[in-house]
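S.K.: My questions all concern the structure below.
2 protein chains.
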Amino acid sequence: MMSSVPPRRRIPEATVARLPVYQRSLTELREGGVATVSSEQLADLAGVNAAKVRKDLSYLGSYGTRGVGYEVEYLLFQMNRELGLSQDLGVVIVGMGNLGQALANYGGFGERGFPVGALVDTDATKVGNVVHGHTVQHLDDLEDIVGKGRIRIGIIATPVEAAQNVADLLVGAGVESILNFAPTTVHVPEGVTLRKVDLALELQILGFYQHRDAPDAAVEA
Amino acid sequence: MMSSVPPRRRIPEATVARLPVYQRSLTELREGGVATVSSEQLADLAGVNAAKVRKDLSYLGSYGTRGVGYEVEYLLFQMNRELGLSQDLGVVIVGMGNLGQALANYGGFGERGFPVGALVDTDATKVGNVVHGHTVQHLDDLEDIVGKGRIRIGIIATPVEAAQNVADLLVGAGVESILNFAPTTVHVPEGVTLRKVDLALELQILGFYQHRDAPDAAVEA
DNA sequence: GGTTGTGAACAAATTCACAGCG
DNA sequence: CGCTGTGAATTTGTTCACAACC
Chain A
9 MMSSVPPRRR IPEATVARLP VYQRSLTELR EGGVATVSSE QLADLAGVNA AKVRKDLSYL
69 GSYGTRGVGY EVEYLLFQMN RELGLSQDLG VVIVGMGNLG QALANYGGFG ERGFPVGALV
129 DTDATKVGNV VHGHTVQHLD DLEDIVGKGR IRIGIIATPV EAAQNVADLL VGAGVESILN
189 FAPTTVHVPE GVTLRKVDLA LELQILGFYQ HRDAPDAAVE A
Chain B
9 MMSSVPPRRR IPEATVARLP VYQRSLTELR EGGVATVSSE QLADLAGVNA AKVRKDLSYL
69 GSYGTRGVGY EVEYLLFQMN RELGLSQDLG VVIVGMGNLG QALANYGGFG ERGFPVGALV
129 DTDATKVGNV VHGHTVQHLD DLEDIVGKGR IRIGIIATPV EAAQNVADLL VGAGVESILN
189 FAPTTVHVPE GVTLRKVDLA LELQILGFYQ HRDAPDAAVE A
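This is the structure in structure tokens:
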């Protein structure tokens, strides 16, 4: 059944990173009962400019109507299809320290199609505990956990020292996408997608601009 | 006292975002007793390529030695000066839910020069609680808290509905740098630096590439 | 010889500006 | 007339490649 597949342009990385933002804004609009939206309005909701919105959306196809805007429902449907929202991707969180526990308790993942399927640690005082409805399992069982739980994404919330090893184990267990919260560089083989979130680093970037705008603040009082 | 200020090139944003990564790698090297490092080695530690390292470092000045590499200690000193590590910038965390509490307990901020100076919420069951040595204060007192605590950075860890209001209050209280964890767009006036971290969004980006590489996975069993 | 520092070439991303169409 | 869609222009970022230098 040869359905007419959309053009399949190659979507630039910068655009991919913004699509979920538009998706979120569109979802809000729909919930507010809004039927159509212009690139300008959507831009404002997403915190970017209108030209960028139009360019980004154009990679998905020509789903707008000139003189009118975009139909919220329809655009959202196309966007969900492109982002693959239809399928849920199970997540395993490795490392049940403060951050890992907070992530496990964070409702936002499941809501957006990424159900937390398993929690893992190595600490005997943590293994067996129940966090947000999941029993914490041991890292040694990772391969099983990933295989049986249909886990597709691994989150590293371990201390720095453990991060690379955990990444290796995740890859060995068949995980192809990793989100690393440990403030260190981890290397993964070709074909595995890695993203990182470094909380303190974000503050350092903010700090740089403060320092830059007022370079003598250090001297004050 | 007209000291010889360094050249003050304008450092590109992309470079600014990588400097803290190099800084971290250099700190590890120093702790390991390593005296000099080549751009190639540093690149590997930071997870980028050597040309980028050299270009990035060149914005700080010419601190390497041809044929040898960079003196770790000296480069680190220069980098810390540029990043403004000398001064500590106090942080207030607004929103003491799971994430806010985890951030409050996260040691990494203080270690890197961003001591958590205050915790804030509006929920009567949370105000007055002690988290990681800080008594949670009420949002109504934000202006005082920021002023007296010499707070320079605000972290928003509230639900979506509260985020914009909190941002406004932070700006009103004199905060010039904001890190937003609420999964929504917030607007700030010119002159205020805003960065965002959206945890579920990172998963969505990872999910996009999985979906893209195996677009029919949804159909599988 | 080995490695930096940097112009020049290239690539990616953003913004402009306007033709095209509803 | 209004707003999209998109080529073209511009800006930003990356990589190359090699002269300069230790």
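Protein chains in written order, with the numbering used here: chain A, 9 to 229; chain B, 9 to 229.
Every residue, glycine too, gets a C-beta built ideally from N, C-alpha and C.
1. Let me see if you follow: with CB-CB separation under 8 Å, is residue 130(B) close to chain A or not?
2. CA-CA distance, residue 172(B) and residue 194(B)?
3. Just by C-beta distance, which residues in the region 198 to 224 of chain B are closer than 7 Å to chain A?
4. Since I believe residue 161(B) is in contact with residue 185(B) (beta carbons under 8 Å), could you give me their beta-carbon distance rounded to a whole number of angstroms?
5. Would you check if the distance between the CB atom of residue 112(B) and the CB atom of residue 127(B) is smaller than 8 Å?
6. At the level of alpha carbons, what is the spacing between residue 138(B) and residue 97(B)?
7. Just the C-alpha distance for residue 75(B) and residue 19(B), rounded to the nearest angstrom, thanks.
8. So residue 134(B) and residue 144(B) are in contact, right, with Cβ under 8 Å, and what is the actual spacing, rounded?
9. Fully enclosed by the region 67 to 114 of chain A, which alpha helix (DSSP H) runs are 4 residues long or longer?
10. On the DSSP bridge assignment, give the partners of residue 159(A) in chain order.
11. Just checking: is the beta-carbon of residue 2(B) within a distance shorter than 8 Å of some beta-carbon in chain A?
12. Starting from residue 140(A), trace the alpha helix (DSSP H) in both directions and tell me its first and last residue.
13. Taking just the CA atoms, how far does residue 198(A) sit from residue 146(A)?
14. Answer yes if the region 100 to 109 of chain B comes into contact with the region 62 to 74 of chain B, meaning at least three C-beta pairs across the two stretches below 8 Å, and no otherwise.
15. Would the beta-carbon of residue 179(A) fall within 8 Å of that of residue 164(A)?
16. On the CB-based measure, 16 or more other CB atoms within 10 Å of its CB, does residue 152(A) come out buried or exposed?
17. What residue does the beta strand (DSSP E) around residue 203(B) start on, and which one ends it?
18. Could you spell out where the beta strand (DSSP E) holding residue 126(B) opens and where it closes?
19. Do residue 187(A) and the ligand ATP come close, with the Cβ less than 7 Å from some heavy atom?
20. Beta-carbon separation of residue 215(A) and residue 125(B) under 8 Å?
M.R.: In terms of the structure at hand:
1. The count along the second sequence starts at 1 and reaches residue 130(B) at position 122. No, residue 130(B) does not count as interfacial toward chain A.
2. In the second sequence, counting from the first residue as 1, residue 172(B) sits at position 164. In the second sequence, counting from the first residue as 1, residue 194(B) sits at position 186. Straight-line Cα distance between these residues: approximately 5 Å.
3. 201, 203, 205, 207, 208, 209, 210, 211, 212, 213, 214, 215, 216, 217, 218 and 219
4. On the second sequence, residue 185(B) is found 177 positions in, with the first residue counted as 1. On the second sequence, residue 161(B) is found 153 positions in, with the first residue counted as 1. Confirmed, about 5 Å.
5. Indexing the second sequence from 1 puts residue 112(B) at position 104. Indexing the second sequence from 1 puts residue 127(B) at position 119. In contact: residue 112(B) and residue 127(B) (Cβ atoms closer than 8 Å).
6. To locate residue 138(B), count along the second sequence from 1; it is residue 130. To locate residue 97(B), count along the second sequence from 1; it is residue 89. Approximately 22 Å, taken between the alpha carbons.
7. Start at 1 with the first residue of the second sequence, and residue 75(B) comes out as number 67. Start at 1 with the first residue of the second sequence, and residue 19(B) comes out as number 11. Computed Cα separation, rounded: 26 Å.
8. Within the second sequence, residue 134(B) is the residue found at index 126, counting from 1. Within the second sequence, residue 144(B) is the residue found at index 136, counting from 1. Confirmed, Cβ separation roughly 5 Å.
9. 80 to 91 and 106 to 113
10. For this step, residue 159(A) is matched to residue 151 along the first sequence. Bridge partners of residue 159(A): 98(A).
11. Past the edges of chain B, shown from 9 to 229, lies residue 2(B), and the structure says nothing about it.
12. Numbered from 1 along the first sequence, position 132 holds the residue referred to as residue 140(A). Where residue 140(A) is concerned, there is no enclosing alpha helix (DSSP H), given that its DSSP letter is neither H nor E.
13. Locating residue 146(A) in the first sequence gives position 138, where the first residue counts as 1. Locating residue 198(A) in the first sequence gives position 190, where the first residue counts as 1. Spanning the two alpha carbons is a distance of roughly 27 Å.
14. no
15. The count along the first sequence starts at 1 and reaches residue 179(A) at position 171. The count along the first sequence starts at 1 and reaches residue 164(A) at position 156. The answer is no: Cβ separation not under 8 Å.
16. Counting from 1 along the first sequence, the entry for residue 152(A) is found at position 144. The residue is exposed, with fewer than 16 neighbouring Cβ atoms inside 10 Å.
17. As a working note, residue 203(B) is residue 195 in the second sequence. Its beta strand (DSSP E) spans residues 201 to 204.
18. Within the second sequence, numbered from 1, the residue matching residue 126(B) stands at position 118. Run containing residue 126(B): 124 to 129, per the beta strand (DSSP E) assignment.
19. Here there are no bound small molecules, and the ligand ATP is not part of this structure.
20. By one-based count along the first sequence, residue 215(A) stands at place 207. By one-based count along the second sequence, residue 125(B) stands at place 117. Cβ distance not < 8 Å, so residue 215(A) and residue 125(B) don't count as in contact.
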